[in-house]
Each structure stands twice: as structure tokens, then as C-alpha cells.
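>
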Amino acid sequence: MKIGELAKAAHTQVETIRYYEREGLLPETARTDGNYRMYAEEHVDRLSFIRHCRGLDMTLDEIRVLLRFKDAPHENCAQVNDLLDEHIDHVATRIKELKALERQLKTLRERCRESQQASQCGILTELSSASRHLHEPATRRGHVHGAHSLK
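The sequence shown begins at 1 in full-length UniProt numbering and counts up one residue at a time.
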């Protein structure tokens with residue numbers, strides 16, 4: 001099948017498939033005389049696996065590790081277990097950060113209970129006041145980071 005057919009079969013955009021190829025997540029494919037890449041069912045399976053992992057918020061590096069073990073089915077999967085344990089810890093940390101962010105936003109929302117002139121809006125006043133007092137870099141302050149790395 002050609003790339004468009006692979007995209008349709010795996011519910012993935014062509015650009016995403018090419019990106020995964022450049023990142024080394026999808027193996028090289030045979031080409032036709034017309035220089036079209038030709039994909040097989042194994043590419044659909046691998047792409048579906050990658051997409052499922054991405055849906056679980058795994059990084060490309062984590063997926064590379066998982067694919068390495070998937071490609072070596074007789075290897076011991078202890079590193080796979082460790083990877084997933086670390087990912088679970090990361091997700092738990094993000095959930096805590098999101099809950100703290102939710103509390104912060106709810107507190108901010110309480111600053112303005114009714115519609116009024118923007119100049120009197122407690123939310124805008126609080127945001128302006130807080131932004132004037134920020135002197136430290138915006139590292140992890142209140143923002144939930146989506147990417148993480150393997151240790």
C-alpha cells in the first residue's frame with residue numbers, strides 16, 4: 001500500500017507518518033520503480049502501536065524503547081516495566097499539578113462574581129497585580145509541562 005492508504009488504515013496523517021519515519025520509529029520501506037514507498041500490514045500494526053503509545057502521553061524516546069523490546073520478543077521486559085512505572089509516576093505528578101492549577105483558577109474566578117466594566121474586573125486586576133510581581137523565571141510555576149524525559 002502507498003502512504004495515503006497507510007494513513008487511512010492507521011487513522012494517521014501522512015505528515016505524521018513521514019515524521020515517524022524521520023525519527024526512526026517506522027522502518028525503511030521498499031520503493032516502487034516510480035519511487036513510491038510501499039507499506040505492508042506490519043507498518044499499519046507498528047503505526048497503530050506508536051499512536052496508541054502517543055495517546056498514553058508517552059514520549060518518542062519511551063516509544064523507541066518499547067519498540068526495541070517489541071522487535072526483540074525474547075528479551076526480558078524488566079526495562080519495559082521500569083519505563084511504565086516511571087511514566088505512571090510522571091502522570092501522577094501531572095495530575096497533582098493540574099489539580100493545583102484548577103484550585104488556582106477557581107480562586108482567581110472568585111475575584112469577579114458578576115459582569116461589570118473590565119476596569120473593575122477582579123480577575124484582570126489580580127492577573128495584572130500578580131504579573132507585576134513575577135521576577136523569577138517561569139520554570140514550573142503553575143504550568144503543567146507535557147513532555148518528560150527518561151532517566
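Positions of the beta carbon are idealized from the N, C-alpha and C atoms, including for glycine.
On the DSSP bridge list, what partners appear for methionine 58?
Bridge partners of methionine 58: none, in fact.
> Rounded to whole angstroms, what is the Cα-Cα separation between leucine 66 and glutamine 104?
Their backbone Cα atoms lie some 37 Å apart in a straight line.
> Mapping the DSSP letters down to three states, classify alanine 30 as helix, strand or coil.
Strand.
> In the DSSP output, which residue or residues are listed as bridge partners for methionine 1?
According to DSSP, methionine 1 bridges with nothing at all.
> Would you be able to state if there are at least three C-beta pairs under 8 Å between the region 46 to 57 and the region 6 to 17?
Yes: at least three Cβ pairs fall under 8 Å.
> Under a three-way DSSP split, which group does arginine 18 fall into?
In the structure shown, arginine 18 sits in a helix (DSSP, three-state: H, G or I).
> Along the chain, where does the alpha helix (DSSP H) containing glutamate 97 start, and where does it finish?
It spans 78 to 109 - the alpha helix (DSSP H) in which glutamate 97 sits, taken as one unbroken run.
> Would you tell me roughly how many angstroms separate the C-alpha atoms of cysteine 53 and leucine 25, rounded to the nearest one?
For cysteine 53 and leucine 25, the distance between alpha carbons rounds to 12 Å.
> Whole-angstrom Cβ separation of glutamate 62 and histidine 43, contact assumed at under 8 Å?
Incorrect: roughly 20 Å between the Cβ atoms, too far for contact.
> Would you tell me roughly how many angstroms separate the C-alpha atoms of glycine 34 and lysine 2, rounded to the nearest one?
Each residue's alpha carbon lies about 12 Å from the other.
> Out of Ala92, Glu28, Leu108, Leu124, which has the shortest C-alpha to C-alpha gap to leucine 56?
Answer by Cα proximity: Ala92.
> Taking only three categories from DSSP, how would you classify arginine 132?
It is helical.
> If you draw a straight line from the C-alpha of lysine 106 to the C-alpha of aspartate 82, how long is it?
The alpha-carbon atoms of lysine 106 and aspartate 82 are separated by roughly 36 Å.
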